Amino acid sequence: MSETAAHPHDDVHDDHHHEEPFWKKYVFTCDHKVIGIQYGFTALLFLAFGFFLMMVMRWSIAYPDRAVPILSDWPWFQAWLDNEGRVTGDLYNMFGAMHGTIMVFLGVVPLAFGAFGNYVTPLQIGAPDMAFPRLNMASFWCFLIGGVLMFVSFFLPSGAAKAGWTNYSPLATTTDLGFSSLFWTGQTQWLLGMVFLISSSLLGSANVIATVINLRCKGMTWMRMPFFVWAMLVTAFLLLLAFPPLEVAAIMQLMDRLAGTSFFVPTGLNVGGMAFDAAGGGSPLLYQHLFWFLAHPEVYVLILPAIAIVSEILPCNTRKPLWGYKSMVYAVMALGFLAFIVWAHHMYMTGMGPAISTFFQATTVLISVPSVILITSLLISMWGGSIRFNPAMLFATAFIPMFGIGGLTGLPLAFNLTDLHLHDTYYVIGHFHYVVAPGTIFGLFAGIYHWFPKHTGRQMSSFLGHLHFWPSLICMNGIFAPMFLQGMQGFHRRAFDGGAAYEQISSRILAEDGTFVATIFQKLNFVAEGANVMMIDLNQVTSTFAWLLAVFQVPFVINLFMSAYTGKKVTSDNPWDATTIEWATPTPPPHGNFTEEPVAYRGPYEYSVPGADKDFSPQFEKGEDGDDSPDTEESEKSVSAKSDH
Amino acid sequence: MEIPYEVTPRRDTGLYNAKLAVWLFLASEVMLFGGLFSAYVFLRVGVIDGVDVPWPWGINVHKTFVLIGFINTLVLILSSVLVVFSWVALKERNFAKFRALMLCTVACAAIFMGFKTVEYRSKLMRHFDIRLTDGSMMEGTIFNKSFDIPFSVESAEFNLIGSSPGFIFDIDGEFPEMTVAWTVGGSGGKEETQVISSKRDFNKWFVRTRTAMTKELSDERKRYRGEIKAKEKAVFAAEEAGTLDAVELKEPVMPDVVTKAVAKLTKPYDLTARRTRVGKIFRGEEGAHNDTLTYADGCKLIGVGGDDRVIFEPHYVDMQLVPLHKQKDSMVWDVIGDKHAKEAWYKNRDHAYEEMEGYYAKKDAEIPEKMLRGYFINIQSIHDKEHKKGFMEEFIYEFKAGIEGTAYHHEDGHHDDHHGDKHDDHAKEVGGAKDDAHGDHGHHVVIKVPRDKIKFLNSHGPRAGNYYATYFTITALHGLHVIGGALVLLYFAVFGKRLYRKNPEHLANRVEVGGLFWHFVDLVWIFLFPLMYLL
Amino acid sequence: MAGSPEEMAKHKRLYLIVGIWLGVFSCVAISLGVFPILDVGPPGATWEDIVIGLGVSGIKAGLVSWIYMHLNHEKGLVYKTLVFTIIFFAALMGLTLFTLFDPIKESYPTIQTLRGLLTR
Ligand code: HEM
Ligand SMILES: [Cu+2]
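Protein chains in written order, with our numbering: chain A, 1 to 645; chain B, 1001 to 1535; chain C, 2001 to 2120.
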């Protein structure tokens, strides 16, 4: 359906890409695949960095009275440690705030939406590129500027932001006021960085939506789009419409810090015993509203791409159609809609008032229905399949129960009565990390293993994949499961010394001396010989698993780089015998993607079709029977009219 | 490689790419300005009477700006019409007409921004609010550089941790010669000095010394931790050997690094410390040269503090934040020190009360409690019907009671804007007759307000309160949109010819998309105008 | 919508008329502000002022978006996007305001306490 005749003048892009210089091909590129890879690598670097911050924090929690090993002699670090080399509250706050920010805004979203959204979406709908390739490039560079600002802020005299990833005012407004240049403080740079990141996301999301709506290839009707594309579409809408209010909040907070306004500064605020020099009359609650209006949809931005990836990998490796494709599509749309009206469940404890809490409680419980539809469909999709357990499939399979645990533990938080007890404890940390870490991150790993051969023409090593997967799975659970126990005992999520301040609570006994659990703890030196195991001793378990988890990412890194050069070469363009259109491209796909115009002849998940000669009938292969012909313009119109929204 | 549907619409969606994208972009813009408007409403509705800074109500406050806003509204509407017609011209394949109309549009944008600048300047430089510690407020004009505290520096103390000390940024003009002194090797260590006479040298010195200090601190800490470890080991070994009592253990010594530095100025230097950077000022005895001024970053200046009283000409007094029973002897009357002012103010208030009463008596209703609160605890507005003059004045509500009675305003016409220059002259006069606090200049009352009675002081810039904050934030953001849109339209007008020759429809599409954005910018203003100027 | 020349002429007339109406409505808005014709109640922005002020703006905004931005004949997808955007915007503004007017929570005592604290 390319409209060559319509614009004969457009010769700019024609066939130049062979001679393009390096910087144009790999740095300032407009090719959606290269941009996707750029996003991917940047995001992986940031993920690693965020992980490093977390490891330091875990040290402080597990061993608050010991010097940080290895790092404590590094001069930059020294300045933030106390004389004994222990982590200070300031350092912990800084790392905590930046861990959250980096993981969410610079790690997972760019990897999930930036990398996979960019790389896979146009391929799956049979488009030659994104609708606006140059906008796409702008979006990446915007993101990079934001990321660099965030990173550089660590090395300012004030250090990076310290007010939590949520950056609540008035704390965030009044941090680091003692520096003579307020502009060059981490807190201000955080806001600037956010403005860039948000702008990048807005550009990216508009691009993805335009691409999906307008660049679908011939025959790719709405209901023939792979679920991945649907999820990306909904994700893009979430980003497009939820991010602007946070941009507003960031701008207003920036004004509060730099221009001295008091949007979020209440009347009569005292800082450090002195009246804060501002007019007052602002509302901290307003900040939270604006922040969570984005940040709840944001959690779906984190999870939807992972569900999307998993729902591509499951049918492919079970050789069965995706169960309930249509209900999944409608569920994801409902989810996208509801995601906008549940945000205040993060604010039950702000004294908002019971009526509004009740409203948000109701919508929050409602939103778990579509979530459950999605996960149930995935679960049922595996039923009775003959499953191929390659590394991608392992991660995808593990995603389901992990996401399930994360989602189910969300329900007690959704009810404001129970949330009263659980809010701001490690329970919340456990809840969302189950969704994001063994959930989303596993989904993303699965995606990397799955699409790696498409880009490099080589398989990733299965052995290293297993070595990566199994320990990671164990470590993830070792880290986050104890958090539920501690959280229910009231451990506060932001106590930097690991709950030493909670002596009373931490004296709760987890296991008495002589029991099996106690023996293990004693053997591992977590508690002294002959002592009971206390709740607080779980800190060490968690931390140990966290560091182990880092170790077991090494096989992945090796695998990623080594396999690109020495991996087993794939013998076809469609090594997994998959059905979606991205596998119709040459390997790797050239600039412009398809060598011949792709046509979608059927739905996306036609595996093991009875009577077919193979166990998969790709979308892009013309079948024998008449049903398989692409829809004509007319029927395409009617299908889209029926199925849209 | 070609992207399909760049020019022609796709059949089933009926849209070409750019049009789809611009609507998506506008949707997100709706959320952006929607967020800002939500914040406006939330903050305005959420004001707690008598506690929060009141929002100015309606046209009465902004009377000098309503005309500007109105003209700007018309200008933007005109530009919208022009954009539509320039698109029509393109559709009719009349490039010259298109270009002319487009340039007119851009000119409209320039006019709009010009008026905005005038308005901003006036708000930022001409109108000031002083809130005293008891909550009473005055609005008027300030004659000295009021945010700054004059200080004659003789020496300074500051920290080597963090960024350059705040007072360095307050030195404008020639950099004073100073001798900096710092200590190496812990307290009691070697003292080093250096003479510095330029800002560049200072920064160089600062960075160098800070690096050295950090290194020293780092080494000391390493040593300290080493000692702790050694002690632990020794204890352990002694315990093993059973000689714990016998051995002598070396106590680890805490690192002791001096992070302070002192600068002695060769001769006193007069600077004006910027209010926003300064924490406190302590005044020592007269002539003792030991006043200290502390910056927010802990940097301390020692020397002689200048007269930091604010020279102020009040125009209005506002008692909204003062409880009723305290209004009679509010601090503000002391500060103003003018009996007539007080009387005039109470006359106005009583007048307002009568009017309220009249209104509700006609309606045969009790005055609602809320209304009473509004008037007596919070004098929100006083209907000034006595002095009908001119078109604009006629039905304007005075928001606050004029202290000299209303006669003052009408003699001078508007007390602001147009007379900015006059005020400057006036300031000099006042400066000359320093001790004459109530300088007798016609109806003006010029007073000096002691700094310690002031709780909050600001021009009508963004700091002044949430009305001004939202006003500046939203209009500035809108202004950025205007500039951005105008640049794009200008680009079409100037460089469109090439594309027009190639494919006029493509240019028409682009102009349509640019026009859509431009209309949206107009749309935002349509709502901004009543919200900011009329209601 | 590039139709025949007559159609174009018709469009042009429409655009011009709309432009004039926009000007007229602006004048209406300002005169409502300057002569408080309906402003019979106590001074300040009253309920009526707000309705009229924003109502006139609403009409102007409607004209601009409907005629100038061609929403009178746009494609379904655009409408859908805009409808959802408006819903979410309404949710943002409405639900945040809901916080201030919670029917169960009596906010008055809090205000009283706050004032007591600040004026004592
Ligand atoms: C069935 C679904 C879910 C429900 C009912 C739910 C409910 C909640 C509630 C009520 C809270 C607030 C707890 C508190 O602060 O006291 C919360 C926190 C959180 N949830 Fe969920 N959630 C669900 C799914 C998810 C998903 C899919 C993700 C993301 C990937 C997620 C990420 C988060 C995050 C990041 C926080 C913590 C934010 C913070 O305070 O820093 N949740 N969840
Ligand atoms: Cu949430």
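The beta-carbon is built from N, C-alpha and C at its ideal position, and this holds for glycine as well. No experiment lies behind these values; they were computed from the predicted model shown.
Does the region 412-419 of chain A come into contact with the region 274-285 of chain A, if we say contact requires no fewer than three beta-carbon pairs (one atom in each stretch) closer than 8 Å? no
Report yes or no: is there a C-beta of chain C within less than 8 Å of the C-beta of alanine 1296 of chain B? Your numbering for residue 1296 of chain B matches position 296 in the second sequence. Interface with chain C (8 Å Cβ-Cβ cutoff): alanine 1296 of chain B is excluded.
Under 9 Å, CB to CB, which of the residues in the region 109-136 of chain A have a partner in chain B? Here the close residues are Ala127, Pro128, Asp129, Met130, Ala131, Phe132, Pro133, Leu135.
Against chain B, with Cβ distances strictly below 8 Å, would alanine 511 of chain A count as a contact? By one-based count along the first sequence, residue 511 of chain A stands at place 511. So no, alanine 511 of chain A is outside the interface.
When the Cα atoms are used, what is the spatial distance from proline 2005 of chain C to isoleucine 1526 of chain B? Start at 1 with the first residue of the third sequence, and residue 2005 of chain C comes out as number 5. Start at 1 with the first residue of the second sequence, and residue 1526 of chain B comes out as number 526. Between the C-alpha atoms of proline 2005 of chain C and isoleucine 1526 of chain B there is a straight-line separation of about 32 Å.
Going by the CB atoms, is the gap between alanine 161 of chain A and methionine 98 of chain A shorter than 8 Å? The sequence position of residue 98 of chain A within the first sequence is 98, counting from 1. The sequence position of residue 161 of chain A within the first sequence is 161, counting from 1. Yes, these two residues count as a Cβ contact at 8 Å.
If you measure between the beta carbons of aspartate 1522 of chain B and serine 1080 of chain B, is that distance less than 8 Å? Translated into the one-based positions of the second sequence, residue 1522 of chain B becomes position 522. Translated into the one-based positions of the second sequence, residue 1080 of chain B becomes position 80. Yes, Cβ-Cβ distance for aspartate 1522 of chain B and serine 1080 of chain B is below 8 Å.
What residues are listed by DSSP as bridge partners for isoleucine 1149 of chain B? As a working mapping, residue 1149 of chain B is identified with position 149 in the second sequence. DSSP, once it has assigned bridges, lists B/Ala1273 as partnering isoleucine 1149 of chain B.
CB valine 208 of chain A to CB methionine 225 of chain A, shorter than 8 Å? As a working mapping, residue 208 of chain A is identified with position 208 in the first sequence. As a working mapping, residue 225 of chain A is identified with position 225 in the first sequence. Not closer than 8 Å, so no.
Close beta carbons around alanine 578 of chain A, own chain, < 6 Å, minus the five adjacent residues each side: Translated into the one-based positions of the first sequence, residue 578 of chain A becomes position 578. Result list for alanine 578 of chain A: Cys316, in chain order.
Please go through the same chain and pick out, in chain order, the residues whose beta-carbon is closer than 6 Å to the beta-carbon of threonine 1292 of chain B, but skip the five residues on each side of it. Along the second sequence, read from residue 1 onward, the residue named residue 1292 of chain B stands at position 292. These residues qualify, in order along the chain: Phe1282, Lys1300, Ile1302.
Taking 6 Å as the limit between beta carbons, can you name the residues of its chain near methionine 1532 of chain B, skipping five residues before and five after? For the purposes of this step, residue 1532 of chain B is taken as residue 532 along the second sequence, with counting starting at 1. Taken in chain order, the residues that qualify are Tyr1471.
So, does the CB of threonine 1097 of chain B fall closer than 8 Å to a CB anywhere in chain C? Position 97 of the second sequence, counted from the start, is the residue given in the question as residue 1097 of chain B. Checking the sequence shown, residue 1097 of chain B turns out to be lysine, not threonine. Cβ-Cβ to chain C under 8 Å: no for lysine 1097 of chain B.
Short-range partners of chain B found in the region 78-109 of chain A, where Cβ spacing is below 9 Å: Gln78, Ala79, Leu81, Asp82, Asn83, Glu84, Gly85
Please list, in chain order, the chain B residues whose beta carbon lies closer than 8 Å to that of glutamate 247 of chain A. Looking up residue 247 of chain A in the first sequence gives position 247. What glutamate 247 of chain A touches in chain B: Leu1032, Gly1035.
In chain order, what residues of the region 1509-1520 of chain B put their CB closer than 7 Å to some CB of chain C? Leu1516, His1519
Enumerated in chain order, which unbroken segments of the alpha helix (DSSP H) with a length of 4 residues or greater are wholly contained in the region 448-506 of chain A? 462-488, 503-506
Put proline 245 of chain A into one of helix, strand or coil per three-state DSSP. Along the first sequence, one-based indexing puts residue 245 of chain A at 245. Helix at proline 245 of chain A.
When you measure from the CB of serine 1218 of chain B to every non-hydrogen atom of ligand 1, does any distance come out below 7 Å? As a first step, residue 1218 of chain B must be located in the second sequence, where it is residue number 218. Because no heavy atom of ligand 1 lies under 7 Å away, the Cβ of serine 1218 of chain B does not count as near it: no.
Buried or exposed: threonine 121 of chain A, going by 16 or more other Cβ atoms within 10 Å of its Cβ? If you number the first sequence from 1, residue 121 of chain A lands on position 121. With 16 or more Cβ atoms within 10 Å of its Cβ, threonine 121 of chain A is classed as buried.
Can you find a CB in chain A that lies within less than 8 Å of the CB of aspartate 2049 of chain C? Along the third sequence, one-based indexing puts residue 2049 of chain C at 49. With 8 Å as the cut-off, aspartate 2049 of chain C does not count as an interface residue toward chain A.
Would you say valine 2024 of chain C faces chain B, with C-beta separation under 8 Å as the test? By one-based count along the third sequence, residue 2024 of chain C stands at place 24. It does not; no Cβ of chain B falls within 8 Å.
Reduced DSSP secondary structure (H/G/I, E/B, other) of aspartate 90 of chain A: The sequence position of residue 90 of chain A within the first sequence is 90, counting from 1. Reduced to three states, the DSSP call for aspartate 90 of chain A is helix.
Given a threshold of 16 other Cβ atoms within 10 Å of its Cβ, counted over all protein chains shown, does glycine 1432 of chain B qualify as buried or as exposed? For the purposes of this step, residue 1432 of chain B is taken as residue 432 along the second sequence, with counting starting at 1. The predicted model places glycine 1432 of chain B with a pLDDT of 31, which falls under 50 and marks its position as unreliable, so this point remains unresolved.
Return yes when the C-beta of histidine 345 of chain A is under 7 Å from any heavy atom of ligand 2, and no when it is not. For this step, residue 345 of chain A is matched to residue 345 along the first sequence. Checking every heavy atom of ligand 2 against the Cβ of histidine 345 of chain A, one is found closer than 7 Å.
Which residues does DSSP list as the beta-bridge partners of phenylalanine 616 of chain A? Locating residue 616 of chain A in the first sequence gives position 616, where the first residue counts as 1. Bridge partners of phenylalanine 616 of chain A: A/Tyr607.
Would the C-beta of valine 372 of chain A count as close to ligand 2, meaning under 7 Å from any of its heavy atoms? Taking the first residue of the first sequence as position 1, residue 372 of chain A is located at position 372. Answer for valine 372 of chain A: no, Cβ out of range of ligand 2.
Just by C-beta distance, which residues in the region 249-272 of chain A are closer than 9 Å to chain B? Residues passing the 9 Å Cβ filter: Ala249, Ile251, Met252, Met255, Asp256, Ala259, Gly260, Thr261, Ser262, Phe263, Pro266, Thr267, Gly268.
Presumed contact (8 Å Cβ cut-off) between leucine 215 of chain A and tyrosine 300 of chain A, rounded CB distance: Mapped onto the first sequence, residue 215 of chain A falls at position 215. Mapped onto the first sequence, residue 300 of chain A falls at position 300. Leucine 215 of chain A to tyrosine 300 of chain A, Cβ: 24 Å. No contact.
Compute the distance between the beta-carbons of aspartate 537 of chain A and phenylalanine 526 of chain A, then report whether it is under 8 Å. On the first sequence, residue 537 of chain A is found 537 positions in, with the first residue counted as 1. On the first sequence, residue 526 of chain A is found 526 positions in, with the first residue counted as 1. Going by C-beta atoms, aspartate 537 of chain A is nearer than 8 Å to phenylalanine 526 of chain A.
Would you verify that the beta carbon of lysine 2010 of chain C is, or is not, closer than 8 Å to some beta carbon of chain A? For the purposes of this step, residue 2010 of chain C is taken as residue 10 along the third sequence, with counting starting at 1. False, the Cβ-Cβ gap to chain A never drops below 8 Å.
Between the region 1132-1143 of chain B and the region 1162-1177 of chain B, do at least 3 Cβ pairs fall closer than 8 Å? no
Please report how far the alpha carbon of alanine 339 of chain A lies from the alpha carbon of proline 297 of chain A, in whole angstroms. Stepping through the first sequence from its first residue, residue 339 of chain A is reached at position 339. Stepping through the first sequence from its first residue, residue 297 of chain A is reached at position 297. So the two alpha carbons sit approximately 5 Å from each other.
Following a CB-centred definition, is valine 332 of chain A positioned closer than 7 Å to any heavy atom of ligand 1? The residue labelled residue 332 of chain A in the question sits at position 332 within the first sequence. Every heavy atom of ligand 1 is 7 Å or more from the Cβ of valine 332 of chain A, so no.
Just curious, the beta strand (DSSP E) that methionine 1137 of chain B is in, first and last residue? Translated into positions along the second sequence, residue 1137 of chain B becomes position 137. Under the DSSP assignment, methionine 1137 of chain B falls in the beta strand (DSSP E) whose first and last residues are 1137-1142.
In chain order, what residues of the region 352-373 of chain A put their CB closer than 7 Å to some CB of chain E? The displayed structure is made up of protein chains A, B and C, and chain E is not among them.
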